[in-house]
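Numbering that gives the first Met the number 0 puts the last residue of the sequence shown at 119; the count rises by one with no breaks.
Glycine included, C-beta positions come from ideal geometry on N, C-alpha and C.
Small disclaimer: the values here were computed from a predicted structure and weren't measured.
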Amino acid sequence: MKEKQEIKDVALALAQAGFDKKGTDIAILDLEGLSSLADYFLLVSASNVKQAQSIADEIEDKGAEVGATVLHREGYHEGEWILLDFGDIICHVFGGQKTRSFYGLEQLWNDAARVEFTGA
0 MKEKQEIKDV ALALAQAGFD KKGTDIAILD LEGLSSLADY FLLVSASNVK QAQSIADEIE
60 DKGAEVGATV LHREGYHEGE WILLDFGDII CHVFGGQKTR SFYGLEQLWN DAARVEFTGA
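1. In angstroms, rounded to a whole number, what distance separates the CA positions of Ile71 and Ala37?
2. Taking all protein chains shown into account, do 16 or more other C-beta atoms lie within 10 angstroms of the C-beta of Leu28, making it buried, or fewer, making it exposed?
3. Looking at the strands, I want to know which residues DSSP matches up with Ser44.
4. Alpha carbon to alpha carbon, how far is Asp8 from Gly66? Give it in angstroms, no decimals.
5. Kindly examine the ligand ZN and report whether one of its heavy atoms sits closer than 7 Å to the Cβ of Phe93.
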């Protein structure tokens with residue numbers, strides 16, 4: 000079983016991968032005590048479908064680099080909302096702010112603590 004800090008470090012590395020591909024509005028939500036789905040949600044916005052796919056590819060590559068495997072992937076071909084399930088971390092890459100706002104994950108999980116991420 001992975002330590003909480005190790006999982007958080009992977010979430011931060013995945014967020015950095017999204018940032019490196021010009022992802023915006025990056026948020027990491029700590030779901031500890033709120034959900035058995037995952038320990039963290041990572042949310043990233045893109046300006047279009049192609050960029051969303053590029054961000055998802057980069058996140059998946061970074062995951063492999065740090066020893067995290069994608070267990071399930073949804074929505075890649077459509078690119079409006081790409082979900083990458085790493086088990087402990089679920090990444091949501093949105094192909095536009097409109098889609099992200101429509102689904103409102105931040106509002107749904109508004110009681111989740113946010114992990115500080117500024118990108119480097």
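Inspection of the coordinates gives the following:
1. Taking the first residue of the sequence shown as 1, we reach residue 71 at position 72. Taking the first residue of the sequence shown as 1, we reach residue 37 at position 38. Correcting the residue type first, residue 71 is His in the shown sequence and not Ile. Taking the straight line from one Cα to the other gives about 13 Å.
2. The sequence position of residue 28 within the sequence shown is 29, counting from 1. Counting Cβ neighbours within 10 Å, Leu28 comes out buried, since at least 16 surround it.
3. Taking the first residue of the sequence shown as 1, we reach residue 44 at position 45. Ser44 is bridged to Thr23 and Phe93.
4. Against the sequence shown, residue 66 aligns to sequence position 67. Against the sequence shown, residue 8 aligns to sequence position 9. Between Gly66 and Asp8, the C-alpha separation is close to 12 Å.
5. Because no ligand of any kind appears in the structure shown, any question about the ligand ZN cannot be addressed here.
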